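Asks: For the protein sequence lines, the chains are V and P, in the order given. Residue numbering for the first sequence follows this note's numbering, beginning at 513 and increasing consecutively. Residue numbering for the second sequence follows this note's numbering, beginning at 28 and increasing consecutively. We put the beta carbon where it would ideally sit given N, CA and C, even for glycine. Small disclaimer: the values here were computed from a predicted structure and weren't measured. Mind looking over this structure? Questions follow.
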Amino acid sequence: MSTNYPLEAAPSNPKEAGFLLANPFSRGTYRVWQRNRDAFLRLWKTELWPPFVEAVLTLLAFGLGLGAYVQQQIDGVSYMQWIAPGLVMTSVLFTASFECMFGTFIRMKLEKMFDAVVATPISLEEVVSAEIMWSATRAGLTGSSVLIVLLLLGLTPSWWIVLVPVVTLTVGFMLASMAIIVTSIVPAFTSYNYYITLGIIPMQLFSGVFFPVDRLPEAGRWLVYLSPFYPAVQLARSLFLGRVGLAELGYAVWIVGLALVFYEIGINLMHRRLIK
Amino acid sequence: MLHSSGEMSALPSQVSAPLAATPVIVARDLHKRYKDFEAVKGISFEVRRQECFGILGPNGAGKSTTIKMLHCFSPITSGTLEVLGLSVVGHARQIKAQLGVVAQDDNLDPDLSVLDNLLVYARYFNIERGEARKRADEALDLFQLTEKRSNKIEELSGGMKRRLVIARSLINKPQLIILDEPTTGLDPAARQLVWQKLRYLRDSGVTLVMTTHYMEEAAQLCDRLVVMNEGRILAEGKPGELVQQLVGYEVVEMRIEQEEEARLGLLASLGDRPIRHERAGDTLYLFGQEPWSFQNLPLPEIPYKLQRKASLEDVFLRLTGRGLNEGGGE
């Protein structure tokens, strides 16, 4: 019996294999990523401009509004310069998380998109991987748009910022994987409030976006170090300020490591939720 | 294998004679156990090439579970299941590449237009763009949806959505199409149109496997069928043969209370005619086992009395009980 589909190794059944080790770079994943891209581009009029506007608004509020009261320099730069990389990463935090929460939940439960796709040669692991990859892509786009807006507004960071899009993609992948873990266990939309209130908002407020972490007491600082978002903000700021050293390599390795761990856990939990 | 171009080219190529003899699906002692209950309790059946095979049963019978195992969504618990000559264990990708699946819900992509639904679906099968475009046009034409090609999914009627889901399942030229309750929720006209298309596909050489709880649908479409209840197969055969074997030729329904029936000596009056009877609440059913069972039989004049041909519905009710197993969930 002939088939024009190459005989890639079929994914094993995790109930037998125990833990499924998935790979985010397969052709099936790319196919579903393309679907998400096409759907996004159809709606570009409503989807494409918000990140730019959000970036301008945020910078106006924090940089000009609040920043005017912060006369003190931080790490040798103005507050506006200091906060800018944090704003880039915050846009990544929200885009990546929300896409793999509400976006994925809608496609999975309401639109039955997952059911339709897994009836083709594409596996469930690939559909979920594509959700994460697409989410990372959007986060990368959003983060990079914010970066461009910041540049247009006259911020003069170092040349190291050419690496920022790579960082936003990777961090987006990590945060999307975390959101997928949440999506794999929520019974309904309303349950996302737990993660938003106890996960996303604390990460935004206490990962060194708005103030240096050393303002916190010892115990609080250690909690911040545990935040997966903390190394992302630190790395982005170092790139902006052009202060790149071994510590930054450490942050990068830590981010990639966390991203892979969250990704594999997310895929396995989604498998457990959907394959019965 | 070559296939003729023209109107048939939306369909898979005809298979050669030796291949036609091999079954498309072979299930042997198939079980499916969920955490706390067993949905399928050891079923065996074969589906032959180019037939329309029905899986009938009330809600909770295990039909959908069986379908999910067939299209490699749900892993089997035990037994064996071969689809298109391959075991579902470890060959999901190869099997799915050659299947068409029509799920119970209209899982069309609401973010894409009608045409894009087909093109994006073709891409999941790695069908090259030009070829995908050609097949999509043919499928839309076959299902009378060409005019709607640029519409949004939400603008389609229920019947159109259903036709589009079936059209979409043809995009990879499947040899086998699996349909889970293909006409549930459609109005009579839309249902007739879907039946017409399914008959056309069957006559073009596609093997169809479908679940339904509409007996008329099964009678209209299925060459062979199984009746399932509570995870087991209760009967298997051609619709007409099942009706004759399990019910008979003619049925008389009478709305008559038990006391009245006894007073009239109704059952005694049947004598040794080949007639089986069954009571369900206020209704007495008489099943004529021979074509002449009711000839010259005087029946009492009562307000509701109906003499009709035996149907699959009678088979179904006889096998699965009359409302006795309501509440079984699937």
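Taking the Cβ atom as the reference point for each residue, do leucine 248 (chain P) and valine 342 (chain P) lie within a distance shorter than 7 Å?
Replies: No, the Cβ-Cβ distance between leucine 248 (chain P) and valine 342 (chain P) is not below 7 Å.
Asks: Just curious, the beta strand (DSSP E) that threonine 310 (chain P) is in, first and last residue?
Replies: Here the beta strand (DSSP E) through threonine 310 (chain P) covers 310-315.
Asks: Rounded to whole angstroms, what's the CA-CA distance from glutamate 244 (chain P) to threonine 211 (chain P)? Just pull it up for me.
Replies: Going by the C-alpha atoms only, they are around 10 Å apart.
Asks: By DSSP's criteria, leucine 333 (chain P) is part of a beta bridge. Which residues make up the other side?
Replies: Partner(s): P:Glu280.
Asks: Does chain P have any CB closer than 7 Å to the CB of lysine 557 (chain V)?
Replies: Judged by the 7 Å Cβ criterion, lysine 557 (chain V) is not in contact with chain P.
Asks: Go ahead and pull the three-state DSSP assignment for leucine 307 (chain P).
Replies: The sequence as given places alanine at residue 307 (chain P); leucine does not occur at that position. Note: alanine 307 (chain P) maps to strand in three-state DSSP.
Asks: Below 7 Å between beta carbons: does that hold for threonine 680 (chain V) and methionine 613 (chain V)?
Replies: No, they are not a contact pair.
Asks: What three-state label does DSSP hand aspartate 56 (chain P) in the structure shown?
Replies: Looking at aspartate 56 (chain P) - three-state DSSP - the assignment turns out to be strand.
Asks: Spell out whether any CB of chain V is found under 7 Å from the CB atom of glycine 348 (chain P).
Replies: False, the Cβ-Cβ gap to chain V never drops below 7 Å.
Asks: Is it right to say glutamate 353 (chain P) is buried, meaning 16 or more other beta carbons lie within 10 angstroms of its own, or is it exposed?
Replies: Caution is warranted here: a pLDDT of 44 is assigned to glutamate 353 (chain P), below 50, making its placement in the model unreliable, and no coordinate value can be reported.
Asks: Return the CA-CA distance between serine 101 (chain P) and lysine 788 (chain V), expressed in angstroms with no decimal places.
Replies: Straight-line Cα distance between these residues: approximately 6 Å.
Asks: Strictly under 7 Å for the Cβ-Cβ distance: is lysine 123 (chain P) near chain V by that measure?
Replies: Yes, its Cβ sits closer than 7 Å to a Cβ of chain V.
Asks: To which residues of the same chain is tyrosine 775 (chain V) closer than 6 Å at the C-beta, ignoring the five residues directly before and after it?
Replies: Ser689, listed in sequence order.
Asks: Between V:Gly655, V:Phe564, V:Val640, V:Leu555, which lies nearest to glycine 778 (chain V) when the distance is taken from Cα to Cα?
Replies: Among V:Gly655, V:Phe564, V:Val640, V:Leu555, the Cα nearest to that of glycine 778 (chain V) belongs to V:Val640.
Asks: Buried or exposed for proline 562 (chain V), going by 16 or more other Cβ atoms inside 10 Å?
Replies: Under this definition proline 562 (chain V) is an exposed residue.
Asks: Quick one: measure Cβ to Cβ for leucine 172 (chain P) and arginine 190 (chain P), integer angstroms, because I've assumed they're closer than 8 Å.
Replies: Leucine 172 (chain P) to arginine 190 (chain P), Cβ: 6 Å. Contact.
Asks: When DSSP builds the beta bridges, which residues end up paired with lysine 68 (chain P)?
Replies: Paired residues: P:His58.
Asks: Using three-state DSSP, classify asparagine 525 (chain V) as helix, strand or coil.
Replies: Only weak support is given to the placement of asparagine 525 (chain V): the predicted model assigns it a pLDDT of 47, under 50, and the value that follows is read from those uncertain coordinates. Three-state DSSP puts asparagine 525 (chain V) in coil, outside helix and strand.
Asks: Might you give, ordered along the chain, the residues of its own chain that have their beta carbon closer than 6 Å to the beta carbon of arginine 229 (chain P), omitting 5 neighbours on each side?
Replies: Cβ within range, chain order: Cys79, Leu235.
Asks: Looking at C-alpha atoms only, which residue of V:Ala573, V:Lys621, V:Glu638, V:Phe574 is the closest neighbour of leucine 533 (chain V)?
Replies: When each option's Cα is compared against that of leucine 533 (chain V), the closest is V:Glu638.
Asks: In chain order, what residues of the same chain have a beta carbon less than 8 Å from the beta carbon of aspartate 56 (chain P), not counting five sequence neighbours either side?
Replies: Excluding positions up to five away in sequence, the list reads Gly69, Ile70, Ser71, Ser105, Gly106, Thr107.
Asks: So, does the CB of phenylalanine 152 (chain P) fall closer than 7 Å to a CB anywhere in chain V?
Replies: For phenylalanine 152 (chain P), the answer is yes, since a Cβ of chain V falls inside 7 Å of its Cβ.
Asks: For glutamate 73 (chain P), which residues does DSSP report across the bridge?
Replies: DSSP, once it has assigned bridges, lists P:Val53 as partnering glutamate 73 (chain P).
Asks: By a C-beta neighbour count over all protein chains shown, 10 Å radius and 16 as the cutoff for buried, is glycine 315 (chain P) buried or exposed?
Replies: With 16 or more other Cβ atoms within 10 Å, it is buried.
Asks: For the putative contact between valine 736 (chain V) and serine 719 (chain V), defined by C-beta atoms under 8 Å, what is the C-beta separation to the nearest angstrom?
Replies: The pair is a contact, with the Cβ atoms about 6 Å apart (cut-off 8 Å).
Asks: Nearest-angstrom Cα distance between proline 209 (chain P) and valine 192 (chain P)?
Replies: Whole-angstrom Cα-Cα distance: 10 Å.
Asks: Does the Cβ of glycine 598 (chain V) lie closer than 6 Å to at least one heavy atom of the ligand SAH?
Replies: Although the ligand SAH was asked about, the structure shown includes no ligands whatsoever.
Asks: Is there a Cβ from chain V that is less than 7 Å from the Cβ of asparagine 134 (chain P)?
Replies: Yes, its Cβ sits closer than 7 Å to a Cβ of chain V.
Asks: Report, in whole angstroms, the separation of the C-beta atoms of arginine 6 (chain P) and leucine 142 (chain P), which I expect to be a contact under 8 Å.
Replies: Here chain P comprises residues numbered 28 to 357, so residue 6 (chain P) is not present and cannot be evaluated.
Asks: Report yes or no: do the stretch 614-627 of chain V and the stretch 556-574 of chain V share at least 3 C-beta pairs separated by less than 8 Å?
Replies: No, because fewer than three Cβ pairs between the stretch 614-627 of chain V and the stretch 556-574 of chain V fall closer than 8 Å, the two stretches do not touch.
Asks: Does glycine 84 (chain P) come out as helix, strand or coil in the three-state DSSP assignment?
Replies: The answer is coil: DSSP assigns glycine 84 (chain P) none of H, G, I, E or B.
Asks: Does asparagine 144 (chain P) come out as helix, strand or coil in the three-state DSSP assignment?
Replies: Three-state DSSP puts asparagine 144 (chain P) in a helix.
Asks: Check whether chain P comes within 7 Å of glutamate 643 (chain V), counting only Cβ atoms and requiring the distance to be less than that.
Replies: No, because no Cβ of chain P sits closer than 7 Å to the Cβ of glutamate 643 (chain V).
Asks: The alpha helix (DSSP H) with asparagine 705 (chain V) in it runs from where to where?
Replies: Counting along the chain, the alpha helix (DSSP H) containing asparagine 705 (chain V) begins and ends at 704-707.
Asks: Report all residues from its chain with a CB closer than 6 Å to the CB of arginine 539 (chain V); omit the five preceding and five following residues, and keep chain order.
Replies: Closer than 6 Å at Cβ, skipping near neighbours: no residue.
Asks: Give every residue of the same chain whose Cβ lies closer than 7 Å to the Cβ of glutamate 340 (chain P), excluding the five residues on either side of it in the sequence, and list them in chain order.
Replies: Hits under 7 Å: Met242.
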